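Using the numbering used here, the first residue of the sequence shown is number 29, and each one after it goes up by one.
What follows is a short report on a single structure.
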Amino acid sequence: MKKSESAIQQEIYIWFFNNYCLKLDNPKCCMFSVPNEMIGTMSGVLKSEGFKESLIKRIVNAVFRKFKNTGFLPGISDLIVLFPNKAMFFEVKTSVGSQSPKQKEFQRTVELLGFEYHLVRSLEDFKKIIQKHLFN
């Protein structure tokens, strides 16, 4: 069975946290996610609860405006990893998933600022990048 982006991201987070973010890790790294699927998820929940489409649209638009006005950035990567003096950005996709135009724009911005941006499709892809960074 093909894994969802969410399942892949969860595997990545758990593996990284357990290997590089614990109190005794030296250096202790940091990883966090950006809840960029939250608005779509909220829409699906409201629909499954029987809300009318017109009300769902009004609620979703109001929430989106609120988040946008506080710094929500469409296209931002799914995961951000902080190492000492370095940040890396990771977009998680399934084996057939592709970046949206906003995600490609965010990638260009990040890379022009001198940061690493990676598209990963599995925990194994992610591990290779992290281990290369840590052991080279």
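Built from N, CA and C at the ideal position, the CB exists for glycine as well.
The structure presented is a predicted model; accordingly, all values stated were derived computationally and were not measured.
Query	Result
Report yes if the CB atom of residue 106 is closer than 8 Å to the CB atom of residue 64, and no otherwise.	yes
Distance, Cα to Cα, residue 147 vs residue 69?	22 Å
Mind checking whether residue 60 and residue 104 have CB atoms under 8 Å apart?	no
For residue 120 versus residue 36, is the C-beta distance shorter than 8 Å?	yes
Can you tell me where the beta strand (DSSP E) with residue 107 in it begins and where it stops?	107-111
Between which residues of its own chain and residue 134 is the CB-CB distance below 6 Å, once the five residues before and five after are set aside?	103 and 104
Drop a sphere of 10 angstroms on the beta-carbon of residue 131, count the other beta-carbons inside from all chains shown, and report buried for 16 or more, exposed for fewer.	buried
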